[in-house]
Structure formats: C-alpha cells, structure tokens
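Asker: All residue numbers for the sequence shown refer to the numbering used here, where the first residue is 15 and numbers rise by one. We put the CB at the ideal spot given by N, CA and C, even for glycine. Since the model is a prediction, treat every value here as computed from it, not as a measurement. Supplied in structure tokens, the structure appears directly below.
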Amino acid sequence: MERRFVKIGDHVIFIDTHRKQHSALVTEVWDSGVEQRRDSLPAINLLYVVKDETRMDQYGRQIERESSVVPVESNSAEANCYQLLNE
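Following this line, the structure appears as structure tokens:
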C-alpha cells in the first residue's frame, strides 16, 4: 500500500455540507508533529474560493475557511470532509 500524506500547502478536494466539491488549500495539519499513520489521514484546516461570483471584496472573490475537516473515509455522511486529489 502506498503511503498517503497531507501537508500544509497541499491541494485537496473539500466536500461541503451539500456534498458539493471545492478545490481547496491545506492551511494546517492537526497531526503535523506526529508521523501520519499508513492507514489514516489527519484532520486539517483549509480554505477555498467561493463559487458565488457576486461574493467579491477588495481582493477579488471571497474565500471560505473550514477547520478540523476529517478525511472522507472517516466520515460516514461524506460531507464536511476532504479527499486527496489522486483518490
């Protein structure tokens, strides 16, 4: 089995409460001080650009932040979770 890791700056897919997918950027890994286990990924914080084109600010399209997001395999509802790009 290939080892799976996630680190700050990685591109992941965030699945929101409506099960819509968003391209997201990892901003924190809640297991970063400990070696990640082969069979599970840690919770992360992330941010993504909102899809609503009317939500703008002086920097451009607004962003949303989510915290303590668990991997999809740890979430039976398959919402408010993330997955790696290659999965």
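Just the Cα atoms here: how many angstroms apart are residue 90 and residue 40?
Answerer: For residue 90 and residue 40, the distance between alpha carbons rounds to 22 angstroms.
Asker: What is the DSSP secondary structure of residue 64, counted as helix, strand or coil?
Answerer: Of the three classes helix, strand and coil, the one that applies to residue 64 here is coil, per DSSP.
Asker: What residue range does the beta strand (DSSP E) around residue 97 cover?
Answerer: Counting along the chain, the beta strand (DSSP E) containing residue 97 begins and ends at 95–98.
Asker: Out of 22, 101, 35 and 55, which one is the CA nearest neighbour of residue 42?
Answerer: Measuring from the Cα of residue 42, the nearest candidate turns out to be 22.
Asker: Would you decide whether residue 26 is buried or exposed? Buried here means 16 or more other CB atoms lie within 10 Å of its CB.
Answerer: By the neighbour-count rule (16 or more Cβ atoms within 10 Å), residue 26 is buried.
Asker: Among the residues of its own chain, which have a CB less than 6 angstroms from the CB of residue 81, if the five just before and after it don't count?
Answerer: Result list for residue 81: 59, in chain order.
Asker: Does DSSP put residue 15 in a helix, a strand or coil?
Answerer: In this prediction, residue 15 has a pLDDT of 46, which is less than 50 and means its spatial position is unreliable; what the coordinates show is noted afterwards. DSSP places residue 15 in coil when its eight states are reduced to three.
Asker: With H, G and I counted as helix, E and B as strand and the rest as coil, what does DSSP make of residue 37?
Answerer: Strand, per DSSP.
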